[in-house]
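Mapping of the sequence shown onto this note's numbering: position 174 corresponds to residue 233, and the numbering continues sequentially without gaps.
Input: a single structure, listed below in structure tokens.
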Amino acid sequence: MANIKNILRFLILAVIFTCISHEIFAEDAPTPVTELTNQVQQQEVQAPGVISQVTAIAGLSLLPFAVMLLTSYVKVVIVLSLLRNAIGVQQSPPNQVLNGIALLVTVYVMFPTGLAMYNAASSTMDVNQPKSLLSGQSAEYIINVVDKAKEPLRDFLQRNTSGKHMTGFYQLAYKSFPDNFRAGLKPNDFIVLIPAFITSQLKAAFEVGVLIYMPFFVIDLVTSNILLAMGMMMLSPLTIALPLKLLLIVMVDGWTLIIQGLVLSFR
């Protein structure tokens, strides 16, 4: 009987001690995760405006076109495509490989200009950086950075643009634009310089293409005349000319010569 009373007393004391300890340790110290969660919840989240979203989306969608049209990519990819067509192999190298080579050569050509643009805009890039790409301050920040970085790009475009094309587009813009825009219009404005640069690069690319086609045209002509003189009219001249073209391009290391010439053609 005494043992039963002792057991009951022990159980009662255990229950009382458990209740007291629960009340004492109920308020634990907040963990770092809890503090971080509370801080995030207390911060005011500013939703980006519609204009900021549209501006960011439009800028990102136009970025590939800017990379193609404001760099050496147009001239490089056209010359490489003409070289492939002149050889007579339509899918070797494939379009993906050709575009990759053109992009790599473009990076090689544009690296000094890109470095100059970064140095010109580095002071502005470190000041008042927006916390979000779609925030209200991002549009003003991007405009300030572009305004500082545009001069090295303008110099590159002007150095590699024909004066004839620049004058032609300046006259065209002067005739087409309203009177209030004509007073401040200059020949080196981007609205004049960009189309003049594109047409200059197209002309230069096709001039190189004519020089590339000449030796392969001679091979085709000689091969056709020889087969015609031998009476082998059923045999396609391409079957004989293609190995000769490949032999020529390998012997003179044509791809390397073309790429080196393209890189050195930009000022």
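Beta carbons: idealized from backbone N, C-alpha and C, even for Gly.
query	result
Flag this pair as touching only if the stretch 120-138 and the stretch 158-166 have three or more C-beta atom pairs under 8 Å; answer yes or no.	yes
By DSSP, does V148 sit in helix, in strand, or in coil?	coil
If you measure between the beta carbons of N154 and T183, is that distance less than 8 Å?	no
Should R333 and Y233 be called a contact, given that it needs their Cβ atoms to be closer than 8 Å?	Not covered by the structure: residue 333. The range shown for the chain is 60 to 326.
Comparing the C-beta of K262 with each C-beta of chain C, is any distance below 8 Å?	Included in the structure is just one protein chain, with no chain C present.
Do L301 and M292 have their C-beta atoms closer together than 8 Å?	no
Find out if the Cβ-Cβ distance for the pair T282, I299 is shorter than 8 Å.	yes
How long is the line joining the alpha carbons of L270 and K209, rounded to whole angstroms?	34 Å
Where does R143 land, buried or exposed, given buried means 16+ other C-beta within 10 angstroms?	buried
With distance defined between alpha-carbon atoms, name the residue in L305, L216, K304, D185 nearest to I201.	D185
In the structure shown, what three-state DSSP assignment does V211 receive?	It is Pro, not Val, that sits at residue 211 in the sequence shown. Correct three-state label for P211: helix.
Give the DSSP-derived three-state secondary structure of R241 in the structure shown.	helix
Relative to the alpha-carbon of I264, which residue among G290, L139, F236, P237 has its alpha-carbon at the smallest distance?	The question names Ile, but residue 264 in the sequence shown is Ala. Residue L139 is the option with its Cα nearest to A264.
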